[in-house]
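One structure is given here, and the rest of the page talks about it.
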Amino acid sequence: MSLNSYLFVPGDRPERFSKALATAAHQVVIDLEDAVAPEAKIQAREGLAKWLQAGLPDIDKPRILIRINAYGTPWHEDDVQMVRASSVTRVMVPKAEAPNELADIAARCGADVSLIALIESVAGVVQMRAIAHEKSVTRLAFGSFDYCVDANVEDTGRELDYVRSQFVIESRFAGLAAPVDGVTLSIDDAPVIAADVAAGRRFGFGAKLCIHPKQVEPVNRGFAPSDVDLAWAERVLAKLAENPQGAIAVDGKLVDKPIVDRAKRIVASFTH
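Spelled out as structure tokens, the structure:
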């Protein structure tokens, strides 16, 4: 199954954890970092640990992901130890900038834990290739708003095109899943959300960070192949089955191996 939507829920609001799991979000990111005020971080961590200890249905365990506090912060080590003592196997690391730090985090979290590296700074972008090749990292995510602040960039349309392309290129080069795009601040404006998802998909992103449950459905829908896509893919594969060794054309266009591979991915996404 493709993981297309990552829904944040504040780590100090345990009453919202189950509600987030009741949505169609593919991953629920319990956030101990930006969503929690410094004075509430210890209580949030302790509350999350108790909630996890109470037990989760097996079907929900793979959907839980924890965003810990950044490497070097006062709360980081205790966050890592909480993860190690829990059944959580996915961690989002904010402010990812150094592959050696990610390796250290993974080692301390435990052998079964994989990392999503949230790149939010110029330093992180510069180190992206090394980060993507760190063996504990399974996906890259773009913290676009923090990046804009760090780089002194105003994102009004195409200012982040170069950086977005790097996420896609380095993810592909490292053999990772397509990267996770940054958040959209609009909550109720479905056309804006849909447009942002479509733009990310065209760039090669495969998922998106969500800050509200209302964003989940349009994000999932936007990244899922459409019925039109499926019909096209099935026509391609049908033609290929008729003539597996020769050149084929579909809808008046020549079909080569990359097109066939794309058609296979689309069909597979509908059947898994």
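Here the sequence shown stands for residues -1 to 270, where the numbers follow our numbering.
C-beta atoms are modelled at their ideal positions from N, C-alpha and C, and glycine is treated no differently.
Since we're looking at a predicted model, the values are computed, not measured.
- Leaving aside the five residues that flank A94 on each side, the residues in its chain whose CB is nearer than 7 Å to its CB run, in chain order, L100, A115, L116, I117, G122 and I129.
- In the DSSP assignment, the residues bridged to R137 are I114.
- With respect to the C-alpha of R106, the residue from S119, D77, A239 and G198 having the closest C-alpha is D77.
- Cβ atoms of G141 and A176 stay farther apart than 8 Å, at about 17 Å.
- In the three-state reduction of the DSSP assignment, F6 falls in the strand class, which pools E and B.
- Here R65 is near V89, since their CB atoms are less than 9 Å apart.
- Q125 is a Cβ neighbour of A96, given a cutoff of 9 Å.
- Of the candidates N150, R156, L174 and D187, the residue whose Cα lies closest to the Cα of A205 is L174.
- The beta-carbon separation of I264 and P223, rounded to 5 Å, stays under the 8 Å limit for a contact.
- For the segment 174 to 215, the continuous beta strand (DSSP E) assignments of 3+ residues that do not extend past its boundaries occur at 205 to 208, in sequence order.
- Here S184 has V190 and I191 as same chain residues with Cβ atoms under 7 Å from its own Cβ, once five neighbours each way along the sequence are excluded.
- The beta-carbon separation of F6 and C208, rounded to 7 Å, stays under the 8 Å limit for a contact.
- The beta-bridge partner set that DSSP reports for V27 consists of F6 and L63.
- Under the three-state reduction of DSSP, R88 is assigned to strand.
- By the CB criterion at 9 Å, A245 and V234 fall outside the cutoff.
- An exposed status is given to R82, since fewer than 16 other beta-carbon atoms sit within 10 Å of its beta-carbon.
- Between the alpha carbons of L46 and D32 lies a distance of about 16 Å.
- Under the three-state reduction of DSSP output, K237 falls in the helix class.
- Judged by beta-carbon spacing, G53 lies beyond the 9 Å limit of D29, meaning their Cβ atoms are not closer than that value.
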